[in-house]
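*Asks:*
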Amino acid sequence: MSRAPRPAGPARPAGPRRPARPGRAEAQATPAVAASVPPPPPEAAAAPKPRRGRPAGPKPAAPAPGPQTPQDAAISAELLGWYDRHARALPWRVSPADRAAGVLPDPYRVWLSEIMLQQTTVPHAAPYFLRFTQAWPTVSDLAAAPDAEVMAAWAGLGYYARARNLLRCARAVAQEHDGRFPDREEALLALPGLGPYTAAAVAAIAFDRPAAVMDGNVERVVSRLFAVETPLPASKPELRVLTARLTPQARPGDHAQAMMDLGAMICTPRSPACGICPLREPCAARAAGLAETLPRKAPKAAKPTRRGTVFVALSPSGALLLETRPDKGLLGGMPGLPGTAWDRRGAGEEAPSAAEVAAAAPLAAEWRRIPAQARHVFTHFQLILDIMVATTAEESRPARGSFVPRARAQADRLPTVMKKALLLGLSALED
71 MSRAPRPAGP
81 ARPAGPRRPA
91 RPGRAEAQAT
101 PAVAASVPPP
111 PPEAAAAPKP
121 RRGRPAGPKP
131 AAPAPGPQTP
141 QDAAISAELL
151 GWYDRHARAL
161 PWRVSPADRA
171 AGVLPDPYRV
181 WLSEIMLQQT
191 TVPHAAPYFL
201 RFTQAWPTVS
211 DLAAAPDAEV
221 MAAWAGLGYY
231 ARARNLLRCA
241 RAVAQEHDGR
251 FPDREEALLA
261 LPGLGPYTAA
271 AVAAIAFDRP
281 AAVMDGNVER
291 VVSRLFAVET
301 PLPASKPELR
311 VLTARLTPQA
321 RPGDHAQAMM
331 DLGAMICTPR
341 SPACGICPLR
351 EPCAARAAGL
361 AETLPRKAPK
371 AAKPTRRGTV
381 FVALSPSGAL
391 LLETRPDKGL
401 LGGMPGLPGT
411 AWDRRGAGEE
421 APSAAEVAAA
431 APLAAEWRRI
441 PAQARHVFTH
451 FQLILDIMVA
461 TTAEESRPAR
471 GSFVPRARAQ
481 ADRLPTVMKK
491 ALLLGLSALE
501 D
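Each residue of the sequence shown is one higher than the one before, starting from 71 at the first, in the working numbering.
Next comes the structure, spelled out in structure tokens:
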């Protein structure tokens, strides 16, 4: 259920640019990195070459923006005027002033940033974006990179399936589109790893195609603007339709980024700054006193707990035992500590049995279980890792994995849960 926004007044002229007001929430933590001026994008790709293994059937697209009502057009114009004055400076973004001067966004940088920003904040993603674009300046460079190098560079960013899909998509663009991203939402949806949101974002921001772009920030802005009281995720279809309504035919890319910035800087999850919001007049939630309560969310089910065991082995020379995890599954292709599957259930304190340790141990040693456990929360479950430690004989040969110098092992970009377990294990060995 939603309420119509209050009528907006005529759009105010943008006027001269002035420094942005201090933002809140994410904006306060955004690194002070200047927006780069990327090279103009190459021409749109030709028809894709056939590729084996493509899933049957098209992915669903977001509703297409159509002609705006005068009220919706006034809201969009007000928002764009605010964005022209207060847009965040982000390393992947072309500023509104540069965009107006004819500087075009690089589709590769837009796509890479959108993949990195899924379930990840701007301050956390920005350093990774800079490292990736320095190591692999084009999508063809990324497509040619070894899997292990890309997975290691991604370590710490989380949600590692994104890194595997990143490579699949880069290789599809390089091989099937001659290194050029398609410029239409429908063709972008056909690429591996691109869902409706990412396809719409790349189409709008990189190519200025009218597309309804809806991330978490946009969901919040639209929920409040129209006072949508249906809880998420059930309200998503309605929010997509409303987002499409607000999307103008002119400057759709800037409009999408303006909605994101408004949600990050003004229309924040807690204590929204309604008094300085450019959409305060037409906002139905503000008028009804509901802004801080929206969007509503359905209660989440409690996450199940899984348990496993990892082994921290230190040789007399100080080398550490690491292995590369299987390509498929959680943390696939990432370096890590040898261990068991994460299939034991429950959060009890039962120790792994001697049979479990013997079956899973990567080599024969006097293993001991330390009291500390590594705990980590994934999207769908909580993980508790028991940690077995041992100092091995110099001549030990592991059944899997290999010993690497300790300095290099600790410098390797391990997944966060493996870093936790390694630090706890080393601390116990050094006591």
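Backbone N, C-alpha and C fix where the C-beta goes; we use that ideal spot for every residue, glycine too.
So, with DSSP's three-state summary, where would you put residue 336?
*Replies:* On the sequence shown, position 266 is the one that residue 336 refers to. Residue state, collapsed to three classes: coil.
*Asks:* Below 8 Å on the Cβ atoms is my guess for residue 292 versus residue 180; work out the distance and round it to an integer in Å.
*Replies:* Translated into the one-based positions of the sequence shown, residue 292 becomes position 222. Translated into the one-based positions of the sequence shown, residue 180 becomes position 110. Their Cβ separation, rounded to whole angstroms, is 22 Å, which puts residue 292 and residue 180 out of contact at 8 Å.
*Asks:* Check whether the region 285-304 and the region 326-335 are in contact - that is, three or more C-beta pairs closer than 8 Å.
*Replies:* With a cut-off of 8 Å, the region 326-335 and the region 285-304 count as touching, because enough Cβ pairs lie within range.
*Asks:* If I measure Cβ to Cβ from residue 115 and keep anything under 7 Å in the same chain, skipping five residues before and after, which residues do I get?
*Replies:* Along the sequence shown, read from residue 1 onward, the residue named residue 115 stands at position 45. At residue 115 the pLDDT is 40, less than 50, meaning the model places this residue with poor confidence; the figure from the coordinates comes in the next sentence. Taken in chain order, the residues that qualify are 247, 248, 250, 251, 252.
*Asks:* Answer yes if the region 337-346 comes into contact with the region 300-318, meaning at least three C-beta pairs across the two stretches below 8 Å, and no otherwise.
*Replies:* Short answer: they don't touch.
*Asks:* Grab me the residues of residue 194's own chain with a C-beta within less than 6 Å of its C-beta, minus the 5 sequence neighbours each way, in chain order.
*Replies:* For this step, residue 194 is matched to residue 124 along the sequence shown. Answer for residue 194: no residue qualifies.
*Asks:* Looking only at its chain, what residues have a beta carbon closer than 6 Å to the beta carbon of residue 466, apart from the 5 residues adjacent to it on each side?
*Replies:* Here residue 466 corresponds to residue number 396 of the sequence shown, with the count starting at 1. The answer, listed in chain order, is 433.
*Asks:* For residue 238, I'd like the list of residues in its chain whose CB is within less than 8 Å of its CB, leaving aside the five on either flank, ordered along the chain.
*Replies:* Along the sequence shown, one-based indexing puts residue 238 at 168. Hits under 8 Å: 262, 263.
*Asks:* To the nearest angstrom, how far is it from the Cα of residue 488 to the Cα of residue 405?
*Replies:* As a working note, residue 488 is residue 418 in the sequence shown. As a working note, residue 405 is residue 335 in the sequence shown. Straight-line Cα distance between these residues: approximately 9 Å.
*Asks:* For residue 397, which of 205, 231, 153, 208 has the nearest alpha-carbon?
*Replies:* Numbered from 1 along the sequence shown, position 327 holds the residue referred to as residue 397. Residue 397 has its Cα closest to that of 231, out of 205, 231, 153, 208.
*Asks:* Should residue 310 go down as buried or exposed, given a rule of 16 or more other Cβ atoms within 10 Å for buried?
*Replies:* On the sequence shown, residue 310 is found 240 positions in, with the first residue counted as 1. That one is buried.
*Asks:* Excluding sequence positions up to five away, which residues of its chain have a Cβ less than 7 Å from the Cβ of residue 233?
*Replies:* To locate residue 233, count along the sequence shown from 1; it is residue 163. Same-chain partners within the cutoff: 220, 221, 224.
*Asks:* What separation, rounded to the nearest whole angstrom, lies between the Cα atoms of residue 174 and residue 164?
*Replies:* Taking the first residue of the sequence shown as position 1, residue 174 is located at position 104. Taking the first residue of the sequence shown as position 1, residue 164 is located at position 94. Cα to Cα, residue 174 sits roughly 7 Å from residue 164.
*Asks:* Assess contact between the region 266-280 and the region 183-193, defined as three or more Cβ pairs (one per stretch) separated by less than 8 Å. Is contact present?
*Replies:* At 8 Å Cβ cutoff, the stretches touch.
*Asks:* Nearest by alpha-carbon distance to residue 390: which of 162, 212, 492, 241 is it?
*Replies:* Within the sequence shown, residue 390 is the residue found at index 320, counting from 1. Comparing Cα-Cα distances from residue 390 to each of 162, 212, 492, 241, the minimum goes to 492.
*Asks:* Using DSSP with H/G/I as helix, E/B as strand and the rest coil, what is residue 398?
*Replies:* Stepping through the sequence shown from its first residue, residue 398 is reached at position 328. In the structure shown, residue 398 sits in coil (DSSP, three-state: anything other than H, G, I, E or B).
*Asks:* Three or more C-beta pairs under 8 Å: does that hold for the region 363-375 against the region 189-204?
*Replies:* Judged by Cβ distances under 8 Å, the region 363-375 makes no contact with the region 189-204, as fewer than three pairs qualify.
*Asks:* Looking only at C-alpha atoms, which of 449, 133, 277, 142 sits nearest to residue 178?
*Replies:* Position 108 of the sequence shown holds residue 178. Checked all of 449, 133, 277, 142; the closest Cα to residue 178 is 277.
*Asks:* Could you tell me which of 344, 139, 463 sits nearest to residue 384, measuring between CA atoms?
*Replies:* Looking up residue 384 in the sequence shown gives position 314. If we check each option's Cα against that of residue 384, 463 comes out closest.
*Asks:* Going by other Cβ atoms of all chains shown within 10 Å of its Cβ, with 16 needed for buried, is residue 307 buried or exposed?
*Replies:* Position 237 of the sequence shown, counted from the start, is the residue given in the question as residue 307. Residue 307 comes out exposed.
*Asks:* Once the 5 residues before and after residue 226 are set aside, which same chain residues still bring their CB inside 7 Å of it?
*Replies:* For the purposes of this step, residue 226 is taken as residue 156 along the sequence shown, with counting starting at 1. 483, 486.
*Asks:* Does the Cβ of residue 346 have 16 or more other Cβ atoms within 10 Å, making it buried, or fewer, making it exposed?
*Replies:* Taking the sequence shown and counting its residues from 1, one reaches residue 346 at position 276. The residue is exposed, with fewer than 16 neighbouring Cβ atoms inside 10 Å.
*Asks:* Within this structure, are the beta carbons of residue 304 and residue 360 separated by less than 7 Å?
*Replies:* For this step, residue 304 is matched to residue 234 along the sequence shown. For this step, residue 360 is matched to residue 290 along the sequence shown. Result no, Cβ atoms of residue 304 and residue 360 do not sit closer than 7 Å.
*Asks:* If I measure Cβ to Cβ from residue 206 and keep anything under 7 Å in the same chain, skipping five residues before and after, which residues do I get?
*Replies:* Translated into the one-based positions of the sequence shown, residue 206 becomes position 136. Hits under 7 Å: 212, 215.
*Asks:* Quick one: residues in its chain with C-beta nearer than 8 Å to the C-beta of residue 409, no 5 flanking neighbours on either side, listed in chain order?
*Replies:* Within the sequence shown, numbered from 1, the residue matching residue 409 stands at position 339. Once the five neighbours on either side are set aside, the close Cβ partners of residue 409 are 378, 379, 380, 381, 430, 455.
*Asks:* Just to confirm, are residue 453 and residue 376 a CB contact at a threshold of 7 Å?
*Replies:* The count along the sequence shown starts at 1 and reaches residue 453 at position 383. The count along the sequence shown starts at 1 and reaches residue 376 at position 306. A contact, by the Cβ cut-off of 7 Å.
*Asks:* How big is the Cα-Cα spacing for residue 441 and residue 497?
*Replies:* On the sequence shown, residue 441 is found 371 positions in, with the first residue counted as 1. On the sequence shown, residue 497 is found 427 positions in, with the first residue counted as 1. If you take the alpha carbons of residue 441 and residue 497, they lie about 12 Å apart.
*Asks:* Three-state secondary structure (DSSP) at residue 363?
*Replies:* If you number the sequence shown from 1, residue 363 lands on position 293. It is helical.
*Asks:* Mind checking which residues open and close the alpha helix (DSSP H) that includes residue 186?
*Replies:* In the sequence shown, the residue the question calls residue 186 occupies position 116. First-last of the alpha helix (DSSP H) with residue 186: 177-186.
*Asks:* Is residue 447 buried or exposed, if buried means 16 or more other CB atoms sit within 10 Å of its CB?
*Replies:* Translated into positions along the sequence shown, residue 447 becomes position 377. Exposed, by the Cβ-count rule.
*Asks:* List the residues that DSSP assigns as beta-bridge partners of residue 443.
*Replies:* Within the sequence shown, residue 443 is the residue found at index 373, counting from 1. Bridge partners of residue 443: 456.
*Asks:* Take residue 244 as the anchor and find which of 209, 229, 228 has the nearest alpha-carbon.
*Replies:* Here residue 244 corresponds to residue number 174 of the sequence shown, with the count starting at 1. Per the Cα distances, 209.
*Asks:* Just verifying my parser: in three-state terms, what is the DSSP assignment at residue 381?
*Replies:* Here the question's residue 381 lines up with position 311 in the sequence shown. Three-state result, residue 381: strand.
*Asks:* Quick check on the DSSP output: the beta strand (DSSP E) that includes residue 474 runs from which residue to which?
*Replies:* One-based indexing of the sequence shown puts residue 474 at position 404. Residue 474 -> beta strand (DSSP E) spans 472-474.
*Asks:* Measuring CB to CB, does residue 133 end up less than 7 Å from residue 282?
*Replies:* Along the sequence shown, read from residue 1 onward, the residue named residue 133 stands at position 63. Along the sequence shown, read from residue 1 onward, the residue named residue 282 stands at position 212. Going by C-beta atoms, residue 133 is nearer than 7 Å to residue 282.
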